[in-house]
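Read through the structure below, which is laid out as structure tokens, and then see the notes.
2 protein chains.
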Amino acid sequence: MATRKSQTLDLAILGTLKEGELHGYELRKRALSLIGQVRSLSYGSLYPALRELTERGYLEVDDRAALGIRRGANPRARIAYSLTSAGKEHLNSLLAESGPKEWEDDSFVVRFALFSQTDLRVRVRILEGRHTRLVERLETIRESLSRGRERMDTWTLELQRHGEEAVEREVRWLNELIDNAKTEEKEMNK
Amino acid sequence: MATRKSQTLDLAILGTLKEGELHGYELRKRALSLIGQVRSLSYGSLYPALRELTERGYLEVDDRAALGIRRGANPRARIAYSLTSAGKEHLNSLLAESGPKEWEDDSFVVRFALFSQTDLRVRVRILEGRHTRLVERLETIRESLSRGRERMDTWTLELQRHGEEAVEREVRWLNELIDNAKTEEKEMNK
DNA sequence: GTTAGCATGTAAGGAGTTACATGATTTT
DNA sequence: AAAATCATGTAACTCCTTACATGCTAAC
Numbered sequence: 001m002a003t004r005k006s007q008t009l010d011l012a013i014l015g016t017l018k019e020g021e022l023h024g025y026e027l028r029k030r031a032l033s034l035i036g037q038v039r040s041l042s043y044g045s046l047y048p049a050l051r052e053l054t055e056r057g058y059l060e061v062d063d064r065a066a067l068g069i070r071r072g073a074n075p076r077a078r079i080a081y082s083l084t085s086a087g088k089e090h091l092n093s094l095l096a097e098s099g100p101k102e103w104e105d106d107s108f109v110v111r112f113a114l115f116s117q118t119d120l121r122v123r124v125r126i127l128e129g130r131h132t133r134l135v136e137r138l139e140t141i142r143e144s145l146s147r148g149r150e151r152m153d154t155w156t157l158e159l160q161r162h163g164e165e166a167v168e169r170e171v172r173w174l175n176e177l178i179d180n181a182k183t184e185e186k187e188m189n190k
Numbered sequence: 191m192a193t194r195k196s197q198t199l200d201l202a203i204l205g206t207l208k209e210g211e212l213h214g215y216e217l218r219k220r221a222l223s224l225i226g227q228v229r230s231l232s233y234g235s236l237y238p239a240l241r242e243l244t245e246r247g248y249l250e251v252d253d254r255a256a257l258g259i260r261r262g263a264n265p266r267a268r269i270a271y272s273l274t275s276a277g278k279e280h281l282n283s284l285l286a287e288s289g290p291k292e293w294e295d296d297s298f299v300v301r302f303a304l305f306s307q308t309d310l311r312v313r314v315r316i317l318e319g320r321h322t323r324l325v326e327r328l329e330t331i332r333e334s335l336s337r338g339r340e341r342m343d344t345w346t347l348e349l350q351r352h353g354e355e356a357v358e359r360e361v362r363w364l365n366e367l368i369d370n371a372k373t374e375e376k377e378m379n380k
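Protein sequence lines, in the order shown, are assigned to chains W and H. Throughout the first sequence, residue numbering follows our numbering, covering 1 to 190 in sequence. Throughout the second sequence, residue numbering follows our numbering, covering 191 to 380 in sequence.
Structure below.
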């Protein structure tokens with residue numbers, strides 16, 4: 001029963017289903033509007049994931065729709081999935097995490113897209129972690145630029161320079177978001 | 191003898207080896223300074239790839255270094271790889287490609303980093319293809335923004351907005367590069 | 001004398017995609 | 001009546017990472 005360990009896909013699915021029950025096809029479109037910027041989501045990974053989440057007890061299927069599942073019967077029978085209470089709990093525990101994994105590219109975007117369901121303090125921790133990660137990346141780029149200034153050809157240099165700029169912009173963006181979040185935090189504590 | 195079809199890794203290896211013979215460990219560092227912004231390169235994928243490229247006749251190993259390969263003997267014997275003439279040909283044929291695959295994120299960055307080894311006309315085609323791809327992405331983002339303006343929460347909106355800006359910047363960057371390349375092209379034709 | 005870096009490799013697993021199969025419904 | 005889109009699913013394959021195994025050499 002190979003339990004997948006990919007939490008970003010689980011999170012995208014569970015987080016999208018929070019709003020209400022959906023069938024796979026529609027779920028994919030909604031989820032893509034959340035995370036489509038950075039990830040794709042093919043049926044070949046979506047449907048097995050839905051089945052597995054159901055087996056783990058996090059999702060339940062709509063009974064009436066499920067009657068028509070048998071292959072060959074009515075293949076158009078939509079199967080509506082919704083969160084069970086265990087699923088909601090699992091979603092909440094995933095949303096509470098804010099470790100190093102959560103500030104990696106893919107995971108961060110999914111987590112960010114679900115910020116409306118995320119506790120303010122966790123939000124701040126994720127934003128700050130992401131910030132740290134990007135500052136590290138900047139340092140690596142700058143080191144590489146100062147080390148190899150002469151050895152590098154025009155194009156490698158240009159690529160690094162452009163990459164540096166992109167990361168710098170994202171750092172500034174994060175600074176704004178962190179400031180906003182901290183202001184919000186202070187106002188709540190009053 | 192499962193032949194890998196991953197051309198970006200092949201290209202990164204062959205392109206890095208163009209400058210002269212290198213052993214795996216050193217090759218990895220050089221290749222990472224080219225493509226490290228966008229890809230990692232673990233030993234678990236590097237060494238099998240080197241072996242496979244050797245089997246395909248694109249690389250040859252330094253004889254003296256190779257004598258010590260036998261496991262258990264001298265594990266520190268470095269194995270220096272260099273391009274064979276078939277390898278150089280293969281590299282050139284990879285560098286001549288400029289189809290849709292070449293304007294995808296990962297592939298594009300590797301191709302860009304090797305622009306000094308790439309024909310001017312191919313360079314222009316790749317830059318323009320990349321441009322087209324990004325403009326398409328912009329359209330998708332903008333559609334999604336105008337469709338779901340009300341349905342979307344603050345964070346999804348903010349994410350899309352930030353993504354839009356990042357893509358816009360990259361489009362402007364490409365415009366400059368394309369202009370430069372076209373000027374260069376005209377001057378060559380005089 | 002121990003940590004860090006040099007150096008090569010394998011086995012197992014993870015996270016997906018592509019191509020296929022199937023067929024209903026809506027739009028052109 | 002053809003084409004697009006809706007809808008679900010599987011098998012095979014791709015590409016890469018992690019964890020392990022091994023041991024040298026330089027620096028602190």
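We treat Cβ as the ideally placed atom computed from N, Cα and C, and that holds for glycine.
Any non-hydrogen atom of the ligand ADP closer than 7 Å to residue i Cβ
{"i": "Phe112 of chain W", "result": "This structure does not include the ligand ADP; it has no bound ligands of any sort."}
Cβ of residue i within 8 Å of any chain H Cβ
{"i": "Phe108 of chain W", "result": "no"}
{"i": "Asp105 of chain W", "result": "no"}
{"i": "His131 of chain W", "result": "no"}
{"i": "Ala166 of chain W", "result": "yes"}
Collapsed DSSP secondary structure at residue i in the structure displayed
{"i": "Ser40 of chain W", "result": "coil"}
{"i": "Ser82 of chain W", "result": "strand"}
{"i": "Glu250 of chain H", "result": "strand"}
{"i": "Met304 of chain H", "result": "Per the sequence presented here, residue 304 of chain H reads as Leu, with Met not at that position. Note: Leu304 of chain H maps to coil in three-state DSSP."}
Chain-order list of residues whose beta-carbon lies under 7 Å from that of residue i (same chain, five-residue window excluded)
{"i": "Ile46 of chain W", "result": "According to the sequence provided, residue 46 of chain W is Leu. The question's Ile does not apply to it. For Leu46 of chain W, where only same-chain residues beyond five positions count, the Cβ hits under 7 Å are Gly24 and Arg28."}
{"i": "Gly234 of chain H", "result": "none"}
{"i": "Gly57 of chain W", "result": "Thr84 and Ala86"}
{"i": "Val325 of chain H", "result": "Val361"}
{"i": "Leu224 of chain H", "result": "Ala202, Thr206 and Ala303"}
{"i": "Arg320 of chain H", "result": "Trp293, Phe298 and Leu364"}
{"i": "Lys208 of chain H", "result": "Leu273, Leu281 and Gln307"}
{"i": "Leu222 of chain H", "result": "Leu231"}
Within-8 Å CB hit, residue i to chain W
{"i": "Asp369 of chain H", "result": "no"}
{"i": "Asp343 of chain H", "result": "yes"}
{"i": "Ser306 of chain H", "result": "yes"}
{"i": "Ala303 of chain H", "result": "yes"}
{"i": "Leu349 of chain H", "result": "yes"}
Cutoff 8 Å; reference residue i; Cβ partners in own chain excluding five residues on either side
{"i": "Met188 of chain W", "result": "Leu120"}
{"i": "Asp106 of chain W", "result": "Thr8, Val38 and Arg39"}
{"i": "Arg191 of chain W", "result": "Residue 191 of chain W cannot be examined here, being either before or after the span of chain W that is shown, 1 to 190."}
{"i": "Ala286 of chain H", "result": "Asp309 and Val312"}
Counted within 10 angstroms of its Cβ, other Cβ atoms place residue i as buried (16 or more) or exposed
{"i": "Arg111 of chain W", "result": "buried"}
{"i": "Ala303 of chain H", "result": "buried"}
{"i": "Thr16 of chain W", "result": "buried"}
{"i": "Glu292 of chain H", "result": "buried"}
{"i": "Arg151 of chain W", "result": "exposed"}
{"i": "Arg147 of chain W", "result": "exposed"}
{"i": "Ser98 of chain W", "result": "buried"}
{"i": "Gly210 of chain H", "result": "exposed"}
{"i": "Ser196 of chain H", "result": "exposed"}
{"i": "Thr346 of chain H", "result": "buried"}
Residue i: contacting residues in chain H (beta-carbon distance under 7 Å)
{"i": "His194 of chain W", "result": "Residue 194 of chain W cannot be examined here, being either before or after the span of chain W that is shown, 1 to 190."}
{"i": "Thr192 of chain W", "result": "Past the edges of chain W, shown from 1 to 190, lies residue 192 of chain W, and the structure says nothing about it."}
{"i": "Ala12 of chain W", "result": "Within chain H, no residue comes near Ala12 of chain W; the closest Cβ sits about 12 Å away, beyond 7 Å."}
Interface partners of residue i on chain W, CB under 7 Å
{"i": "Ser171 of chain H", "result": "Residue coverage of chain H in this structure runs from 191 to 380, which leaves residue 171 of chain H outside it and unanswerable."}
Contacts that residue i makes with chain W (C-beta to C-beta distance below 8 Å)
{"i": "Leu286 of chain H", "result": "The sequence given here places Ala at residue 286 of chain H; Leu does not occur at that position. Here the premise fails: no neighbours, minimum Cβ distance about 17 Å."}
Within chain H, partners of residue i - CB distance below 8 Å
{"i": "Gln37 of chain W", "result": "Ile331, Leu349, Gln350 and Gly353"}
{"i": "Ala49 of chain W", "result": "Ordered by position in chain H, no residue passes the 8 Å Cβ test against Ala49 of chain W, which lies about 21 Å from the chain."}
Neighbourhood of residue i by C-beta distance below 6 Å, restricted to the same chain and skipping five residues each side
{"i": "Val124 of chain W", "result": "Ala181"}
{"i": "Leu335 of chain H", "result": "Gln350"}
{"i": "Tyr328 of chain H", "result": "Note that residue 328 of chain H corresponds to Leu in the displayed sequence, not to Tyr. Within the same chain, Leu328 of chain H has close Cβ partners Val357."}
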